[in-house]
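Just so you know, the sequence shown maps onto residues 9 to 262 in the working numbering.
Using N, Cα and C, we set each Cβ at its ideal position, and we do this for glycine too.
Each remark here refers to the structure printed beneath this line.
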Amino acid sequence: MKVLSIAIQKGGCGKTTTTINLAAALHKEGRSVLVIDADPQASLSLALGVRDDPEKNLYTELLKEMKGENGDLTDAIIYTNSGLPLVPATIELAGAELELVSIYGREQILAWMIDKLSDRFEFVIIDCPPAIGMLTVNALAASDYVLMPLQAEYLPLKGLHSFMHHFKAIQRINKKLQVLGMVLTRYDERKTMNREVYHELEHDFGDKVFRTHIRSNIQLARAQESGTDIFNFDDTSNGAHDYKELSVEFLSKI
Ligand SMILES: Nc1ncnc2c1ncn2[C@@H]1O[C@H](COP(=O)(O)OP(=O)(O)OP(=O)(O)O)[C@@H](O)[C@H]1O
Ligand SMILES: [Mg+2]
């Protein structure tokens, strides 16, 4: 089982979109993938069609684990209409940011719970909130890899260097953690700025930068609004094409 966090502290750069559609592309290829919503905004849960707050969710299970009562992610799994199993989030998860702080092993609570899944899935993909708080730290401490989506609209390098600083600190807790790479989202080949961002990133991070770019595609946003992945929603869109290609590159890097 390989665990991947989709994380970067900047908001709105495609973390949730990448979680759903990379997972959906792998699922379509017959890989077994679990997605975990670790963001109290619950965008991933909403985008996979979960409308009412599920009774069991990441927060209820984290709370049990924090109290030493054996939290069980399997118990909270919902089978969404895209076929992807999901551990959903609710707004209550926001409370975990504070509650985790005073717990022994606070960085590793989620890692202990993911360990209990004991290879039931080939991949576990965690959608992180846009901040480096206890939830993101827990996700990274439970992961083999981190993937950072970056918007190609402006130079994302400052945020990236600050993220890498936190990354190195978390690597001391979780030695297996590696950067899988950065992927540019909302990419437009015609815009000079976008091409410049790509070249500058490649200059700084070499082959960590994915060759696949995710183009701007309104169908990606529409699929999310309708509660499903891009392949279910519009299999012929640029979004479906790009995320399929990303999944191929992803598998070649893993
Ligand atoms: N390639 C794309 N083309 C067009 N729209 C996109 C693309 N990627 C994401 N979006 C849209 O942009 C918005 C933000 O994307 P998303 O929710 O994936 O970002 P995020 O990094 O998860 O945000 P947050 O930090 O708030 O969790 C969403 O409405 C999404 O549908
Ligand atoms: Mg998100």
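So, are the CB atoms of residue 174 and residue 140 less than 7 Å apart? Position 166 of the sequence shown, counting from 1, holds the residue named residue 174. Position 132 of the sequence shown, counting from 1, holds the residue named residue 140. Yes, these two residues count as a Cβ contact at 7 Å.
Beta-carbon separation (whole angstroms), residue 189 vs residue 171, contact threshold 8 Å: As a first step, residue 189 is located in the sequence shown; it is residue number 181 there, counting from the start. As a first step, residue 171 is located in the sequence shown; it is residue number 163 there, counting from the start. The Cβ separation is near 13 Å, so there is no contact.
Delimiting residues of the beta strand (DSSP E) encompassing residue 13
In the sequence shown, the residue the question calls residue 13 occupies position 5. Taken as a continuous stretch (DSSP letters only), the beta strand (DSSP E) holding residue 13 covers 10-14.
### Query
Just to confirm, does residue 51 get its C-beta within under 6 Å of one of the non-hydrogen atoms of ligand 2?
Along the sequence shown, read from residue 1 onward, the residue named residue 51 stands at position 43. Yes, ligand 2 has a heavy atom inside 6 Å of this Cβ.
_Rounded to whole angstroms, what is the Cα-Cα separation between residue 118 and residue 210?_
Within the sequence shown, numbered from 1, the residue matching residue 118 stands at position 110. Within the sequence shown, numbered from 1, the residue matching residue 210 stands at position 202. Answer to the nearest angstrom: the Cα atoms are 33 Å apart.
From what residue to what residue does the beta strand (DSSP E) around residue 193 run?
For the purposes of this step, residue 193 is taken as the residue at position 185 of the sequence shown. Taken as a continuous stretch (DSSP letters only), the beta strand (DSSP E) holding residue 193 covers 186-193.
| Between which two residues does the beta strand (DSSP E) harbouring residue 154 extend? | Numbered from its first residue, the sequence shown carries residue 154 at position 146. Under the DSSP assignment, residue 154 falls in the beta strand (DSSP E) whose first and last residues are 153-159.
Self-check item: Cβ pair residue 136, residue 13 closer than 7 Å
Solution: Along the sequence shown, read from residue 1 onward, the residue named residue 136 stands at position 128. Along the sequence shown, read from residue 1 onward, the residue named residue 13 stands at position 5. For the pair residue 136 and residue 13, the CB atoms are nearer than the 7 Å cut-off.
Discussion item. Buried or exposed, going by whether 16 or more other CB atoms sit within 10 Å of the CB of residue 18?
Written reply: In the sequence shown, counting from the first residue as 1, residue 18 sits at position 10. Per the 10 Å Cβ criterion, buried.
> Does DSSP classify residue 47 as helix, strand or coil?
Replying inline: Your numbering for residue 47 matches position 39 in the sequence shown. In the structure shown, residue 47 sits in coil (DSSP, three-state: anything other than H, G, I, E or B).
| Among the residues of its own chain, which have a CB less than 7 Å from the CB of residue 237, if the five just before and after it don't count? | Within the sequence shown, residue 237 is the residue found at index 229, counting from 1. Taken in chain order, the residues that qualify are 28, 29, 32, 90, 231.
Return the chain-ordered list of same chain residues with a C-beta closer than 8 Å to the C-beta of residue 262, the five sequence neighbours on each side being excluded. Position 254 of the sequence shown, counted from the start, is the residue given in the question as residue 262. Closer than 8 Å at the Cβ level, and outside the excluded window around residue 262, lie 10, 153, 188.
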